[in-house]
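Have a look at the structure below before the remarks.
Quick look at the structure:
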């Protein structure tokens with residue numbers, strides 16, 4: 001009886017800490033964090049991205065993009081520049097956006113939090129994300145265009161099915 005109990009506890013522990021069961025996350029230098037439930041997905045799948053601990057005075061873009069070289073902004077991105085505030089592959093999140101952004105931005109929830117559903121696919125424009133690395137990305141918005149200190153990336157891979 002004890003042995004079967006021990007085996008059950010060990011199996012439950014292994015499942016709890018296995019990569020398949022854990023969120024995939026990236027943490028920035030200011031303590032901000034993005035997470036998704038899994039990074040290996042099917043083509044044209046929607047993933048839920050959760051952000052916590054972001055500075056609400058700094059707007060950001062959340063998007064599915066080709067992974068950039070170090071120090072460069074992520075581009076191109078699925079959905080392109082989301083100038084109409086609609087779409088499902090790129091989002092502008094800001095609690096202090098300029099007046100022209102009314103209806104385009106999604107404000108942070110208290111504590112610098114957000115939750116968005118982002119569409120991912122095997123292609124971003126001419127790029128094949130099974131051959132180049134693509135990722136869920138966060139970066140400072142265009143009001144801090146050159147600020148790479150807020151960049152976060154979670155690479156996405158695609159299942160065969």
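Residue numbers (the UniProt record's numbering): 1 to 161. Glycine included, C-beta positions come from ideal geometry on N, C-alpha and C. Quick caveat: nothing in here was measured; it's all calculated off a predicted structure.
query, result
"Taking contact to mean 3 or more Cβ pairs, one atom from each stretch, closer than 8 angstroms, check whether the segment 60-70 and the segment 139-148 are in contact.", "yes"
"Kindly indicate which three-state DSSP category residue 135 falls into: helix, strand or coil?", "strand"
"Just how far apart, CA to CA, sit residue 33 and residue 64?", "16 angstroms"
"Label residue 118 either buried or exposed according to how many other C-beta atoms from any shown protein chain fall within 10 Å of its C-beta, with 16 as the threshold for buried.", "buried"
"Starting from residue 155, follow its DSSP beta bridges and name the residues at the other end.", "135"
"Which value, in whole angstroms, describes the spacing of the CA atoms of residue 131 and residue 38?", "19 angstroms"
"With distance defined between alpha-carbon atoms, name the residue in 42, 71 and 133 nearest to residue 121.", "42"
"Compare the C-beta of residue 30 against all C-beta atoms of chain D and say whether one is closer than 9 angstroms.", "Absent from the structure: chain D. Only one protein chain is present."
"Does the Cβ of residue 47 have 16 or more other Cβ atoms within 10 Å, making it buried, or fewer, making it exposed?", "buried"
"Report the three-state DSSP secondary structure of residue 144 (helix, strand or coil).", "helix"
"Tell me residue 24's beta-bridge partners as DSSP assigns them.", "36"
"Nearest to residue 133 by CA position, among 72, 123 and 66, is which residue?", "66"
"Between 152, 157, 156 and 69, which lies nearest to residue 29 when the distance is taken from Cα to Cα?", "152"
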